[in-house]
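S.K.:
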Amino acid sequence: MIPGFHGIDLIVILVVALLVFGPKRLPEMGAAVGKSIKEFRKGMNELTAHPSNPKEELVDEPMIPASSEIHRLSNTPVESELIRRTTVSTPVESTVVRSETISEPGVVEHRGE
Numbered sequence: 001m002i003p004g005f006h007g008i009d010l011i012v013i014l015v016v017a018l019l020v021f022g023p024k025r026l027p028e029m030g031a032a033v034g035k036s037i038k039e040f041r042k043g044m045n046e047l048t049a050h051p052s053n054p055k056e057e058l059v060d061e062p063m064i065p066a067s068s069e070i071h072r073l074s075n076t077p078v079e080s081e082l083i084r085r086t087t088v089s090t091p092v093e094s095t096v097v098r099s100e101t102i103s104e105p106g107v108v109e110h111r112g113e
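For the record, in the sequence shown the residue sitting at position 10 is 10 according to this note's numbering, with numbers rising by one throughout.
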């Protein structure tokens, strides 16, 4: 058994489960837990029996020659497209920003209106 876990603890857990789930659902839940444990152990046994080797799992794929890919990408009109998109078609109006001047420490004067 699990250290610190005694038979009386198991009985208490089963009684609480019986009260919570009822006598009809308790056997179904027990079967589901049993199947889950069985599948878990089966998976663990498969992992320990046949450890995977990542090198064997790699699939050899044909590589595209880097020079042809670079040549293809360098012939795309990216720079002219960026220049076209960033040029301003209408002039931007200038905005007047009001500034505050300080005549004496702690006194703020407003210019303008």
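Every residue gets a Cβ at the ideal spot worked out from N, C-alpha and C, and that includes glycine.
Measure the alpha-carbon distance for SER24 versus LEU18 and round it to whole angstroms.
M.R.: Here residue 24 refers to the residue found at position 24 of the sequence shown. Here residue 18 refers to the residue found at position 18 of the sequence shown. In the sequence on display, residue 24 carries Lys and not Ser. Near 9 Å, if we compare the C-alpha coordinates of LEU18 and LYS24.
S.K.: For GLY22, which of helix, strand or coil comes out of DSSP?
M.R.: Locating residue 22 in the sequence shown gives position 22, where the first residue counts as 1. In the structure shown, GLY22 sits in a helix (DSSP, three-state: H, G or I).
S.K.: Would you check if the distance between the CB atom of PHE40 and the CB atom of MET29 is smaller than 9 Å?
M.R.: Against the sequence shown, residue 40 aligns to sequence position 40. Against the sequence shown, residue 29 aligns to sequence position 29. Contact flag unset, no.
S.K.: Please state the DSSP three-state secondary structure of PRO27.
M.R.: What you label residue 27 is simply residue 27 of the sequence shown in a count that begins at 1. Helix.
S.K.: Quick one: grab the DSSP three-state call for PHE5.
M.R.: Indexing the sequence shown from 1 puts residue 5 at position 5. PHE5: coil per DSSP, three-state reduction.
S.K.: Taking the alpha-carbon positions, what's the VAL16 to GLY43 distance?
M.R.: The count along the sequence shown starts at 1 and reaches residue 16 at position 16. The count along the sequence shown starts at 1 and reaches residue 43 at position 43. About 31 Å.
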